[in-house]
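Residue numbers (this note's numbering): 3 to 145. See structure below.
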């Protein structure tokens, strides 16, 4: 069984979600408020260990035309530094519209969230898409 920890890395927060190739279901974990790289990396490492994560799935915020903009480059740079602290393989995944999808999920549930932030649900949406493709045996672009 492989367990993924998905990261939706933003300038202020990091949304985390987890899932595996046994249940094929992604679920939101938590939202980290970014402090310093050291504190962020320690928190991510602790969560990855608690969950028994084998791999990281990092969302890349591509531009709508599919190109990589400044934010995607920032995420790659951050992830590169994270990898020096956490010895887990990283796969990147297109996360365009994941926040929009997360908002729709919240609205459709009819529940109010205690927080206005949806970063963890956004991470779960792109992780679920990834797991669905794996389960169906579809090849995925690697990065």
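The beta carbon of each residue, even a glycine, is placed where N, CA and C say it ideally should be. Here the structure is a predicted model, which means the values were calculated and not measured.
Cβ neighbours of residue 7 in the same chain (closer than 8 angstroms, five flanking residues each side left out): 18, 19, 20, 31, 46, 49, 50, 53, 55, 57, 58, 59 and 90
Residues bridged to residue 12 [DSSP beta-bridge criterion]: Looking at the DSSP assignment, residue 12 forms no beta bridge with any residue, so it has no partner.
Boundaries (first-last residue) of the beta strand (DSSP E) holding residue 94: 92-96
For residue 19, the residue or residues it bridges with in DSSP: 8 and 30
Contact check, residue 61 vs residue 97, beta carbons under 8 angstroms: yes
Three-state class that DSSP yields for residue 137 in the structure shown: helix
Among 64, 72, 87 and 24, the one whose alpha carbon lies nearest that of residue 39: 87
Sub-8 angstroms separation of residue 11 and residue 77 beta-carbons: yes
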